[in-house]
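In the working numbering, the protein residues as written are -10 to 708.
Where a beta carbon is used, it is the ideal one built from N, C-alpha and C, also for glycine.
Take a look at the structure below.
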């Protein structure tokens, strides 16, 4: 399936870049919120039912301990202290039961025509594929050769010779290469304005970056030729490559690229309220004040075009991971002159007004953006095809490996078609085998010859519980209608606002059996993740002493983040396990599923709900809606497993109502294609990937902030 439509973020963290930088104190601040909770903020229930109604009340009741602990991280004295405090904050999030960690990408059987990490490798943007860097064979790579290439990558990383060595090795083995990639897509994003919205298309193919990661995970200069950092660590000065041009979708020049295009791009992100701006809040000087309306003067923001080919960023405080952010969309340029020619405007109010006019055409389709990247998009036909061609005006055109990229629509409903397309018709760079495809591969001999196990990456898929459900059918299309009575809606909402009830659900989910429906029994534990931030994402640079429930606890230099999370969870008396000391990992085991713990939490929840006037029993169960992809055999089997394990573990006192989504659009309209948390149409769901944009735990935890600042927390049904 598509590896470009929605960036779900991330692969293994490369610590070298962070650890080579000096540790700093409160090195930055979190995304500034538009309103701060008062010290005595209380969760006031509605007078009639005792159910919380306000977004802030719901958030603080469930996530108040997380919020307090997370804010404390920015008052620490060093980078290691900050990480330790963030680990404590994550423990509070997991203990809230707001969401349950499920799995990460990877840990699955796969076949590939793309050698290991030979499509570019961004260490915390791991699912992003750079087609211009990609090496692609006509033949499927054998298991033996693929595993040899994995070993080669670890041996040659940092030498700058991996890609050439891959080509040499595969040539000697008799493989041939293609300069055309053909793969699949299942949906078209809602906008071509990459900076205005998270639902963007393949921005890395169309817009180049200052720096980009190569196949060895090393940042290489692209639109910048170099940079300097001031002695105080607050000013980054980039030298912009001269002679780069912007073109339209037909390859016709529309403008020269200058440093001012980065200024225009960032202001547009801020004006549009694009989620890409979030990682720079609290980092870039003056940006928070502009985003939150304290000023309308963008010139006060710490980004400046010193001249046509000199770009300068000024930070609020020293930020040791700043260069790990540099391949994020907020650092992409936008042609100011082209944007204005398409009805674009600058200023937040001006942008809002322009969007309602018929003169604003920027980003409406592929013909209304300017390109400075390796490809042009020449065709988009929804539910049919998408086509790229190489941009002849691209500054590095001679080194673009893949000259054309063709996408064929596949909604995933026919696993046999996907398998045959890959093995027979050459469609796809890599295929991840579900259980049905795995059986086909075993029958036709491809399993023994071509299949390898893909490594885990840093993104995380969580099962979210909607505590503030407002709708019972999809807002965009009216599909996926709940069958619950009004009474059942009220009871389930009250139950999901109860921490004991949420934890009962978390402990009742047999995640390994759920995963087995997709990956098979052999691999059902491999990609199972027990924490939010990967436990080995960072490790302490120095000894740190933190307060855990009134006791000073010292963690030595080299202690992994996940070990600190576990220490707080254990001290708080929760029975779940997020970190394994022997494997030094948060993956590969199920530290949550426990029927005894589930029933214990349910009994506590029933007592709380009874005090509110709700009687829960097997005869009068809590009914929860779970929308699922009924067109997919795998998703259907997973839904049945989820229903069975929850209902059995909780003695029939919780009933899961499976709501059929007839196609991928209906599925995404339940939660993804929505304008706010209030439009999320599920009681449990929202299994979208969350991953890293840069090399600090903040990249995950910021998604849990209130007041609309946290992109993930909307899945609670708020903001």
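CA-to-CA, the gap between residue 338 and residue 331 works out to about 18 Å. Looking at the DSSP output, residue 228 shares a beta bridge with 215, 299.
The continuous stretches of beta strand (DSSP E) do not include residue 416, and DSSP gives it neither H nor E.
When DSSP states are grouped into helix, strand and coil, residue 376 belongs to the strand group.
According to DSSP, residue 511 shares a beta bridge with no other residue. Distance from the CA atom of residue 682 to the CA atom of residue 462, rounded to whole angstroms, is 33 Å. Check the Cα spacing between residue 172 and each of 386, 294, 349, 415: the tightest is with 415.
Taking 9 Å as the cut-off, the beta carbon of residue 202 is found no closer than this to the beta carbon of residue 143. By the C-beta criterion, the segment 609 to 618 is judged to be in contact with the segment 473 to 485, since at least 3 inter-stretch pairs fall below 8 Å.
DSSP places residue 646 in the uninterrupted beta strand (DSSP E) bounded by 643 to 650. Here the alpha carbon of residue 300 sits roughly 10 Å from the alpha carbon of residue 199. For residue 699, same chain residues with a beta-carbon under 7 Å away, outside a window of 5 residues either side, are 691, 692, 693 in chain order. Closest in C-alpha terms to residue 206, from the list 156, 149, 261, comes 149. According to the DSSP assignment, residue 586 belongs to the alpha helix (DSSP H) that extends over 584 to 600. In this model, residue 589 and residue 598 are separated by some 14 Å (Cα to Cα). Taken through DSSP and simplified to helix, strand or coil, residue 173 comes out as strand.
A direct Cα-to-Cα measurement between residue 359 and residue 235 gives close to 6 Å. Going by DSSP, residue 344 is part of the alpha helix (DSSP H) stretching over 337 to 344.
In the structure shown, residue 447 falls within a coil segment according to DSSP collapsed to helix, strand and coil.
Collapsing the DSSP output to three states places residue 396 in a strand. Annotated three-state conformation of residue 573 is coil, per DSSP. Under the three-state reduction of DSSP output, residue 288 falls in the helix class. In the three-state DSSP reduction, residue 360 falls in the strand class (E or B).
Counting along the chain, no alpha helix (DSSP H) covers residue 540; the unbroken beta strand (DSSP E) around it starts and ends at 540 to 544. Counting along the chain, the unbroken alpha helix (DSSP H) around residue 72 starts and ends at 68 to 85.
Per DSSP, the unbroken alpha helix (DSSP H) holding residue 631 starts and ends at 622 to 638.
Bridge partners of residue 88 according to DSSP: 453. Contact check for residue 665 and residue 402: beta-carbon distance about 30 Å, past the 8 Å limit, so the pair fails to qualify. Residue 442 has 98 as its beta-bridge partners, per DSSP.
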